[in-house]
Amino acid sequence: MMARVAFVIASHSDLLARGVVELAQQMAPEVFFQAAGGTDEGGIGTSFDKIDAAVSACLDEVGDGDGAGVLILTDLGSATMTVESVLDFADDPDHLKFIEAPLVEGAVAAAVRAQLGDCLNDVADAARNAIGPMIELHSMQQDQQAPSAPTDGVTDTAVVADPVGLHARPAALLARLAATFDAEILVNGTDAASVLEIMALGVKQGETVELRATGPQAAESIVALKEMIENAS
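Numbering (full-length UniProt numbering), first residue to last: 1 to 233.
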């Protein structure tokens with residue numbers, strides 16, 4: 001499915017904006033991104049014209065179909081004010097969404113959903129729900145605080161083959177695959193469809209993970225995820 005959502009990454013730094021775009025594109029190669037960082041002169045700061053041009057390019061890319069639009073993410077306060085000024089002058093504000101979310105984690109989580117063809121509202125929700133630095137703490141506390149995993153469903157184990165483990169692109173590929181099944185899938189007790197939770201596990205090459213799934217496509221999902229994990233991309 002073609003991505004319906006494009007992204008503008010607005011930052012005080014051109015290098016930072018382009019870096020976030022580079023990372024997110026690894027997770028979502030079919031999604032359109034525009035970096036709008038720094039001033040017009042190339043310094044640290046923000047530019048109305050850069051952000052406005054990036055928004056226009058994104059709108060041209062995704063069109064005005066159902067659920068289509070542009071998600072704008074920023075780093076710091078004055079970037080927020082500049083984006084708000086751009087929105088005030090926008091010709092098509094209904095297809096633009098600017099939200100508060102952690103820049104890197106939000107861009108990564110939302111990009112994965114956009115790659116799957118989700119609508120603008122759902123992609124924005126993924127960015128909002130990216131819990132940033134707290135995700136690692138959440139992962140570390142699961143064994144003590146989370147309820148015991150259900151004993152029903154389909155289970156299996158898989159040995160991680162990818163040299164980088166379940167990080168970055170492998171985590172994104174796994175999350176995208178998990179989201180295609182009508183099943184609730186867990187990897188080591190975390191949501192297999194969440195790229196951030198998968199990355200937070202810190203699983204390395206050669207380590208074994210536990211897979212568990214419930215739902216109509218539980219069996220198929222476990223087979224597919226096991227095959228992906230055990231075959232380096």
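Virtual Cβ for every residue (Gly too), placed ideally from N, Cα, C. Predicted model, so just to flag it, every value in this text is computed and none were measured.
In the structure shown, what three-state DSSP assignment does residue i receive?
i: E210; result: strand
i: E227; result: helix
i: L174; result: helix
i: T46; result: coil
i: Q34; result: strand
i: A192; result: coil
i: A53; result: helix
i: P147; result: For P147, the predicted structure reports a pLDDT of 44, less than 50, and the residue's modelled location is therefore unreliable. A value from the coordinates is still provided. It is coil, neither helix nor strand.
i: T80; result: helix
i: V159; result: strand
i: L116; result: coil
i: I131; result: coil
i: L87; result: helix
i: L137; result: Because the pLDDT at L137 is just 44, under 50, the model does not fix this residue reliably, and the point stays unresolved.
i: V108; result: helix
i: V203; result: coil
i: A232; result: coil
i: A93; result: The sequence given here places Pro at residue 93; Ala does not occur at that position. P93 falls in the helix class under three-state DSSP.
Who are residue i's beta bridge partners in DSSP?
i: V5; result: G69
i: F98; result: I72
i: S11; result: G37
i: I198; result: In the DSSP output, where bridge partners are listed per residue, I198 has none listed.
i: I185; result: A213
i: V154; result: A213
Let's test the definition: count the other Cβ atoms within 10 Å of the Cβ of residue i and tell me whether it reaches 16, buried, or not, exposed.
i: S221; result: buried
i: I44; result: exposed
i: T82; result: buried
i: A93; result: With the sequence shown as reference, residue 93 is identified as Pro, and Ala is not the correct amino acid for it. So P93 counts as exposed.
i: P170; result: buried
i: I229; result: buried
i: D66; result: exposed
i: P147; result: Because the pLDDT of P147 is 44, which lies under 50, any placement of that residue in the model is unreliable, and the number read from its coordinates should be weighed accordingly. Its Cβ having fewer than 16 others within 10 Å, P147 is exposed.
i: L201; result: buried
Using a threshold of 8 Å, state whether the C-beta atoms of residue i and residue j are closer than that.
i: residue 243; j: T46; result: The chain is shown only over 1 to 233; residue 243 falls outside these bounds and no answer can be derived.
i: T214; j: G117; result: no
i: K226; j: A158; result: yes
i: A168; j: A179; result: no
i: S172; j: M27; result: One detail in the question is off: residue 172 reads as Ala in this sequence, not Ser. Cβ atoms of A172 and M27: closer than 8 Å.
i: A224; j: L177; result: yes
i: L71; j: L103; result: no
i: H63; j: K97; result: The identity of residue 63 in the sequence shown is Gly, whereas the question assumes His. Contact: no.
i: V55; j: A90; result: yes
Using 8 Å for Cβ pairs, my map puts residue i next to residue j. What's the rounded Cβ distance?
i: H12; j: D52; result: 17 Å between Cβ atoms; not a contact.
i: F7; j: F33; result: 5 Å
Is residue i near the ligand ADP, with its Cβ less than 7 Å from a heavy atom?
i: G165; result: No copy of the ligand ADP appears in this structure; indeed no ligand is present at all.
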